[in-house]
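A.B. asks:
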Amino acid sequence: MKKTECIRNLGIVAHIDHGKTTLADSLLAGTGLLSPNLVGSARVLDYLKEEQIRGITMKSANVSLLYQTDGQSFIINLVDTPGHVDFTGKVRRALRSIDSVIVVVDAVEEIMAQTEIVIRQALMENVHPVLFINKVDRLITELKLDEAQIQKKFERIIKNFNDLLSIYGISKIVNNWKISPEKGNVVFGSALHRWGFNLTIARTKRMKFSTIID
Numbered sequence: 002m003k004k005t006e007c008i009r010n011l012g013i014v015a016h017i018d019h020g021k022t023t024l025a026d027s028l029l030a031g032t033g034l035l036s037p038n039l040v041g042s043a044r045v046l047d048y049l050k051e052e053q054i055r056g057i058t059m060k061s062a063n064v065s066l067l068y069q070t071d072g073q074s075f076i077i078n079l080v081d082t083p084g085h086v087d088f089t090g091k092v093r094r095a096l097r098s099i100d101s102v103i104v105v106v107d108a109v110e111e112i113m114a115q116t117e118i119v120i121r122q123a124l125m126e127n128v129h130p131v132l133f134i135n136k137v138d139r140l141i142t143e144l145k146l147d148e149a150q151i152q153k154k155f156e157r158i159i160k161n162f163n164d165l166l167s168i169y170g171i172s173k174i175v176n177n178w179k180i181s182p183e184k185g186n187v188v189f190g191s192a193l194h195r196w197g198f199n200l201t202i203a204r205t206k207r208m209k210f211s212t213i214i215d
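Below, the structure is given as structure tokens:
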């Protein structure tokens, strides 16, 4: 903990019910701190009794995770924030202690009102946002979309995300922060089912959406 250069404060923000806390559960399961079978139901970072009863995050909470890459260890302080508009102020306060933030967007509902608010808040606090398009499985199992339709949905979400960066961000910063699958800062997946990938991973593993749909 004394090596501050090896510490990262990472937040998760989203519109309500887009999967923030489920993503936190999934990441905890990936480290062995939570049974994979409890992802989505444990809601570990919803530690208040009322949060568990109401099924929404009302207060920011964090957990520290150890991440190792290329022989180097990092401590990731993962911060889950509220998604309901009534707790917007708490999100803003949490963002002041965060280096970067994962913006979770439901692939079915796409960018919603609170999504826009948290993106604006992140930019106001100079926090670098990246995009996780969640619940991709629903496009396949519920909406029965084909590969072309799914791709159009993703393109629309990414465009709308970047449009918000342009509206609320400072040009000289935002131009470098705009997201693109080519940059590797867009992840597609399902927090509940514990899978996700960016374009780099897809190319390495020679993955195609047609394969995922099948």
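Going by the working numbering, the sequence shown opens with residue 2, and the numbers climb by one from there.
For each residue, glycine too, the CB sits at the ideal point set by N, CA and C.
1) Quick one: what does DSSP say ASN199 is sitting in, helix, strand or coil?
2) Distance cutoff 8 Å, beta carbons only. Does ILE151 sit that close to anything in chain C?
3) Could you spell out where the beta strand (DSSP E) holding ILE77 opens and where it closes?
4) Would you say SER27 and ARG195 are within 8 Å of each other, going by their C-beta atoms?
5) Quick one: what's got a C-beta closer than 7 Å to PHE162's C-beta in the same chain, skipping five residues either side?
6) Let me check one thing: in DSSP terms, what residues is ILE8 bridge-paired to?
7) What are the residues that DSSP puts in a beta bridge with VAL187?
8) What number of angstroms, rounded off, separates the C-alpha of SER191 from the C-alpha of ASN135?
9) Have a look at ILE174 and GLN122 and give me their C-alpha separation to the nearest angstrom.
10) Would you decide whether ASN176 is buried or exposed? Buried here means 16 or more other CB atoms lie within 10 Å of its CB.
11) Just to check my reading of the structure: ARG9 and ILE103 have Cβ atoms closer than 8 Å, yes? What is that Cβ distance to the nearest angstrom?
12) Reducing DSSP to helix, strand and coil, say where THR70 ends up.
13) Give the DSSP-derived three-state secondary structure of ALA123 in the structure shown.
14) Evaluate ASN63 with the Cβ neighbour count: other Cβ atoms within 10 Å of its Cβ, from every protein chain shown; 16 or more gives buried, anything less gives exposed.
15) For ILE171, count the other beta carbons within 10 Å of its own beta carbon; 16 or more makes it buried, fewer makes it exposed. Which is it?
16) How far does the alpha helix (DSSP H) with GLU175 in it extend, from its first residue to its last?
17) Checking 8 Å against the spacing of the C-beta atoms, do GLU117 and LEU96 come in under that value?
18) Measure from the alpha carbon of ILE17 to the alpha carbon of each residue in ILE159, GLY185, PRO130 and ASP107, then state which is nearest.
C.D. replies: Reading off the structure:
1) Counted from its first residue, the sequence shown places residue 199 at position 198. Coil.
2) Absent from the structure is chain C; it holds one protein chain and no more.
3) For the purposes of this step, residue 77 is identified with residue 76 of the sequence shown, where counting begins at 1. In this chain, the beta strand (DSSP E) harbouring ILE77 covers 73 to 81.
4) Along the sequence shown, one-based indexing puts residue 27 at 26. Along the sequence shown, one-based indexing puts residue 195 at 194. Here SER27 is near ARG195, since their CB atoms are less than 8 Å apart.
5) Start at 1 with the first residue of the sequence shown, and residue 162 comes out as number 161. For PHE162, where only same-chain residues beyond five positions count, the Cβ hits under 7 Å are ILE112, LEU132 and ILE180.
6) Mapped onto the sequence shown, residue 8 falls at position 7. Its beta-bridge partners are ILE76.
7) Start at 1 with the first residue of the sequence shown, and residue 187 comes out as number 186. Paired residues: LEU132.
8) Along the sequence shown, read from residue 1 onward, the residue named residue 191 stands at position 190. Along the sequence shown, read from residue 1 onward, the residue named residue 135 stands at position 134. Rounded to whole angstroms, the separation of the alpha carbons of ASN135 and SER191 is 5 Å.
9) Counting from one through the sequence shown, the residue named residue 174 turns up at place 173. Counting from one through the sequence shown, the residue named residue 122 turns up at place 121. Taking the Cα positions, ILE174 is about 15 Å away from GLN122.
10) As a working note, residue 176 is residue 175 in the sequence shown. Counting the other Cβ atoms within 10 Å of the Cβ of ASN176 gives fewer than 16, which makes it exposed.
11) For the purposes of this step, residue 9 is taken as residue 8 along the sequence shown, with counting starting at 1. For the purposes of this step, residue 103 is taken as residue 102 along the sequence shown, with counting starting at 1. At roughly 12 Å, the Cβ-Cβ gap does not stay under 8 Å, so ARG9 and ILE103 are not in contact.
12) In the sequence shown, residue 70 corresponds to position 69, counting from 1. Secondary structure at THR70: strand, using DSSP grouped into helix, strand and coil.
13) In the sequence shown, residue 123 corresponds to position 122, counting from 1. Residue state, collapsed to three classes: helix.
14) Reading the sequence shown from its first residue, position 62 is the one you call residue 63. Flag for ASN63 reads buried.
15) As a first step, residue 171 is located in the sequence shown; it is residue number 170 there, counting from the start. So ILE171 counts as exposed.
16) In the sequence shown, the residue the question calls residue 175 occupies position 174. Per the sequence shown, the amino acid found at residue 175 is Val instead of Glu. Looking at the DSSP string, the run of the alpha helix (DSSP H) that includes VAL175 is 172 to 178.
17) Your numbering for residue 117 matches position 116 in the sequence shown. Your numbering for residue 96 matches position 95 in the sequence shown. Result no, Cβ atoms of GLU117 and LEU96 do not sit closer than 8 Å.
18) Within the sequence shown, numbered from 1, the residue matching residue 17 stands at position 16. The candidate whose alpha carbon is nearest that of ILE17 is ASP107.
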